[in-house]
Structures are given as C-alpha cells and as structure tokens.
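> Mind having a look at this structure? Questions to follow.
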Amino acid sequence: MRVSVFAFASVALAARPFLNEPDTGLEDLLGSVTPNGTLPPLENMVGLPDFEWAARKKMNISSYTYYRNGAAGEWSYRNNLEVFTRHRLRPRVMSDITNVAASLPTTLLGHNFSAPFFISPCARGGYAHPDGELNFVKGAAAGNILYMPSLYSSQSFDAIYQQASNTTDPLFQQVYLTNNLTETQALFTKIEKTGKAKAIILTVDSPGDGIRHRAARYGVGSADINLSLLTWEMYRKFTNMTSLPIIPKGIQTVEDAQEAIKNGAKAIFLSNHGGRQLDTSPSSLEIALEIHREDPDLFNQVEVYADGGVRYGSDVLKLLALGVKAVGLGRPFMYSNVYGAEGVEKVIDILKYELINDAANLGVGDLKKIGPQFVDWKNSLNTWYS
Numbered sequence: 009m010r011v012s013v014f015a016f017a018s019v020a021l022a023a024r025p026f027l028n029e030p031d032t033g034l035e036d037l038l039g040s041v042t043p044n045g046t047l048p049p050l051e052n053m054v055g056l057p058d059f060e061w062a063a064r065k066k067m068n069i070s071s072y073t074y075y076r077n078g079a080a081g082e083w084s085y086r087n088n089l090e091v092f093t094r095h096r097l098r099p100r101v102m103s104d105i106t107n108v109a110a111s112l113p114t115t116l117l118g119h120n121f122s123a124p125f126f127i128s129p130c131a132r133g134g135y136a137h138p139d140g141e142l143n144f145v146k147g148a149a150a151g152n153i154l155y156m157p158s159l160y161s162s163q164s165f166d167a168i169y170q171q172a173s174n175t176t177d178p179l180f181q182q183v184y185l186t187n188n189l190t191e192t193q194a195l196f197t198k199i200e201k202t203g204k205a206k207a208i209i210l211t212v213d214s215p216g217d218g219i220r221h222r223a224a225r226y227g228v229g230s231a232d233i234n235l236s237l238l239t240w241e242m243y244r245k246f247t248n249m250t251s252l253p254i255i256p257k258g259i260q261t262v263e264d265a266q267e268a269i270k271n272g273a274k275a276i277f278l279s280n281h282g283g284r285q286l287d288t289s290p291s292s293l294e295i296a297l298e299i300h301r302e303d304p305d306l307f308n309q310v311e312v313y314a315d316g317g318v319r320y321g322s323d324v325l326k327l328l329a330l331g332v333k334a335v336g337l338g339r340p341f342m343y344s345n346v347y348g349a350e351g352v353e354k355v356i357d358i359l360k361y362e363l364i365n366d367a368a369n370l371g372v373g374d375l376k377k378i379g380p381q382f383v384d385w386k387n388s389l390n391t392w393y394s
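Following this line, the structure appears as structure tokens:
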C-alpha cells in the first residue's frame with residue numbers, strides 16, 4: 009500500500025508543472041465534442057479558468073504557448089496561481105451585505121470605473137483573434153473597466169486609439185523605455201496627443217530577456233541578449249518629459265515601492281510579469297503582504313495596483329484586503345479573446361458576479377472597507393517544496 013501511494017504521489021508531483029486549469033468537469037462535458045481547432049459554446053464558460061481550456065482547444069500550439077509560458081521551470085508562474093490558496097478567508101456572518109454591489113465602482117487616478125479590476129497590458133492580442141486588441145477596447149468599454157494597451161500590440165497604436173475614440177473610458181498606455189531620450193520624448197508626445205491615454209505604465213521588471221524554455225521550443229521566445237538601462241534617475245527624467253503620470257510596473261519589494269514614492273510616483277504596480285521574467289520572483293500577493301507588514305502606510309500614500317495569477321473573485325478580495333486599489337488580469341483576458349469582444353465581456357461579467365457574491369459570503373458589505381482581518385495571513389511561509 010505504501011509503495012502504491014508513494015508511486016501515485018510521485019506521478020502527481022511529476023505532472024504538476026504541466027497542470028493548467030483545475031478540473032471542474034469541463035473536459036468531461038465538452039472534451040469529446042470539441043475537436044482541436046474549434047470553440048465550445050461561450051455559454052459553457054462559467055469561470056475564468058474555462059477560457060484557458062477553450063483557448064488551448066482553439067489556438068495553434070505556438071500561439072497558445074506564447075500566452076501560457078513562464079520563465080525557466082515556471083515556479084513563479086505556478087506560485088502566482090497557488091499562493092492564493094495558502095491564505096484562508098475568515099468569513100464573518102450576520103453582516104448586512106445587501107448593498108455590496110453598489111460598492112463595486114472605483115476611481116483610478118481620478119477616473120471612474122465600474123469595478124476594482126482591469127485588463128493588464130499583454131502583447132500580441134492578435135494571436136487569439138484577428139481583431140486583437142480592438143476587442144479589449146470594446147469589451148472594457150462595454151464593462152466600464154480600465155484597459156492598459158501593450159506597446160507591443162498586434163493592432164497598430166493608431167488603430168487601438170481610433171477604436172478608443174468611440175468610447176468614453178480612458179486608457180493607461182504601457183511602454184518599454186530605454187535611455188534614448190529622443191525616442192522616449194517622441195513616444196510620450198504620441199501618447200499625449202491621443203487625448204485618451206491618461207497615464208503611462210512603465211514596465212521596469214524586464215531589463216533583460218526572460219528565460220522561457222517552453223516558449224523557445226516553439227520559436228516564440230528570445231535567444232538574444234538585450235539589456236536595458238533603467239534607473240530611478242532616468243525615471244525622474246521621464247516624469248519631466250510628459251504631463252501624464254508614469255506608473256512603474258514590476259515593483260517586487262517594499263524597498264522599491266518606497267523608492268518609487270520618493271521619486272514622485274503617483275501609483276505603483278506590483279507584478280512579476282506573469283512569472284515570465286525571473287523564475288522564483290515573488291507573486292504580487294506576497295509583495296503586497298511584505299509591504300503591509302513593513303510599511304503599511306504606503307497603501308495610503310499612493311494607489312497600488314497588482315496582477316498575476318488572479319482567476320477568482322476571492323483572489324481579488326485577498327489583494328484588496330491588504331490595501332491594493334485595483335487588480336489586473338492578463339492571461340484570462342488573452343484567452344477569452346478567442347471569442348472576440350463577447351469573450352472579453354463575459355470575463356468581466358463573471359468576475360463582477362464572483363466578486364459581489366464572494367464579498368457577500370465573506371461578510372463584506374462594502375468593498376471599500378475590506379481589511380486584512382478577513383484573511384488568515386499566518387500561513388505565509390513559502391510552501392513550494394512542501
């Protein structure tokens with residue numbers, strides 16, 4: 009009996025790096041009637057992980073791998089997903105939660121949105137759908153949430169902002185920058201002239217290429233050495249070159265969060281690039297917890313955003329409980345784009361539904377008043393290898 013149990017455990021551990029979405033019955037229901045290259049009906053998508061299953065069915069392997077891959081052994085990729093399960097919720101009962109839905113809307117840098125979550129910047133939206141990022145603009149506008157377009161989008165910069173001109177919601181434009189100030193100034197001027205971009209998201213966590221073994225096998229990784237010079241001195245120069253706030257994305261320690269504030273950041277973005285850059289880098293939940301323990305007032309000094317591994321309303325609640333203002337999602341929206349704008353809207357609707365009901369079941373009647381007391385943070389030791 010001991011041998012069989014040990015053998016089973018060994019197989020499970022060996023398989024773990026290749027697990028994707030959890031088994032909630034979707035494969036049993038639709039697997040045999042959804043050949044590769046086809047899409048299951050959108051109405052069968054009942055949770056965000058379902059969209060990864062659908063995307064894997066529909067997309068060619070190299071395009072799907074570009075979205076799915078993580079750095080090196082993909083420990084950070086998996087930790088982003090698993091870290092939320094290490095901290096149990098502490099539901100409070102007999103609370104008035106009847107108006108929790110009314111507390112869903114939020115403001116980000118003074119702009120109004122219907123929910124405290126947004127579409128994180130992700131490159132190559134066209135790998136899932138020919139309209140690419142245009143679907144994110146449409147879907148975000150329909151759901152009244154924030155969209156952050158990637159500098160490396162499939163659709164052109166002009167096409168994205170032309171589509172955005174038909175909406176009332178602002179965009180926050182993501183960029184990669186170098187020490188070429190002439191090119192940087194030209195890019196800033198271009199962004200400002202859109203009139204729709206109200207902030208610049210500066211990716212700071214990728215001065216080198218990510219070591220992505222899974223992607224390299226399908227020709228969607230990088231084998232070059234491209235090192236970028238980014239310093240806080242340069243950040244200060246950048247902020248003097250534009251009237252738009254520049255939000256550093258990729259903050260992974262309390263020290264860098266403090267440095268960002270010292271250098272004038274109006275908001276900071278906790279992220280490890282979806283586990284795609286440096287393996288064993290921390291998840292945004294771990295970063296937020298570190299900040300809360302060592303410098304909790306930081307959450308009152310600037311707006312804090314976070315992304316990475318979020319798949320459920322309860323994941324959002326745990327980040328909000330620590331003081332995060334808004335939570336980003338990347339891969340779920342990229343996968344949903346196989347259905348076009350309708351898929352993007354479906355993800356927004358699902359997450360709003362989960363967020364409202366999970367908050368109610370947690371005993372939170374006002375999302376603005378959620379605090380760390382609603383989560384058991386004691387089990388905070390790293391358990392990757394336990």
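Take 9 as the starting number for the sequence shown in the working numbering and just add one per residue. Glycine residues also receive a C-beta, built at the ideal position from the N, C-alpha and C atoms. Just so you know, these numbers come straight off a predicted model, no measurement behind them.
Relative to the alpha-carbon of Ala273, which residue among Ile209, Lys360, Gln170 has its alpha-carbon at the smallest distance?
Of the listed residues, the one whose Cα sits closest to Ala273 is Ile209.
> Report the option in Leu306, Glu60, Ser122 whose CA atom is closest to the CA atom of Val262.
Ranking Leu306, Glu60, Ser122 by Cα distance to Val262 puts Leu306 first.
> Who are Glu311's beta bridge partners in DSSP?
Note: Glu311 sits in a beta bridge opposite Ala275.
> Below 7 angstroms CB to CB, which residues in the same chain sit around Glu294 once its five sequence neighbours on both sides are set aside?
Answer for Glu294: Val91, listed in chain order.
> Within a Cβ cutoff of 8 angstroms, which residues of the same chain sit near Ser112, ignoring the five residues on either side of it in sequence?
Ser is not the amino acid found at residue 112; the sequence shown has Leu there. Result list for Leu112: Ser122, Ala123, Pro124, Lys360, Leu363, Ile364, Leu375, in chain order.
> Taking the alpha-carbon of Ile254 as reference, which of Ser214, Gln260, Ile199 has the nearest alpha-carbon?
Of the listed residues, the one whose Cα sits closest to Ile254 is Ile199.
> Reducing DSSP to helix, strand and coil, say where Asn52 ends up.
It is helical.
> Select from Ser292, Asn248, Gly331, Ile168 the residue whose C-alpha is nearest the C-alpha of Val310.
Comparing Cα positions, the closest option is Gly331.
> Using CA atoms only, rank isn't needed, just tell me which of Met242, Val101, Glu141, Arg98 is closest to Thr186.
That would be Met242, whose Cα lies nearest to the Cα of Thr186.
> Straight-line CA distance for His137 to Met102?
Those two C-alpha atoms are separated by around 46 angstroms.
> Just to confirm before moving on: does the CB-CB distance between Gly133 and Glu141 stay below 8 angstroms?
Contact: yes.
> Go to Phe165, then tell me how far its beta strand (DSSP E) extends in each direction, as first and last residue.
No beta strand (DSSP E) contains Phe165, which is instead part of the alpha helix (DSSP H) from 165–172.
> Using the C-alpha atoms, what's the distance from Gly371 back to Asn107?
Asn107 and Gly371: Cα-Cα distance of roughly 11 angstroms.
> When you compare the CB positions of Leu56 and Ile378, do they come within less than 8 angstroms of one another, or not?
Contact flag unset, no.
> Can you tell me where the alpha helix (DSSP H) holding Phe196 begins and where it ends?
189–201 is the extent of the alpha helix (DSSP H) around Phe196.
> Look up Ala20 in the DSSP assignment and say whether it is helix, strand or coil.
Confidence is the limiting factor: at Ala20 the pLDDT is only 43, short of 50, which leaves the residue's position unreliable and the question unanswerable from this model.
> Determine the contact status of Gly218 and Arg319, defining contact as a CB-CB distance below 8 angstroms.
Going by C-beta atoms, Gly218 is not nearer than 8 angstroms to Arg319.
> Measuring alpha carbon to alpha carbon, tell me which of Phe180, Phe382, Val383, Val352 ends up nearest Asp58.
When only C-alpha atoms are compared, the closest one is Val352.
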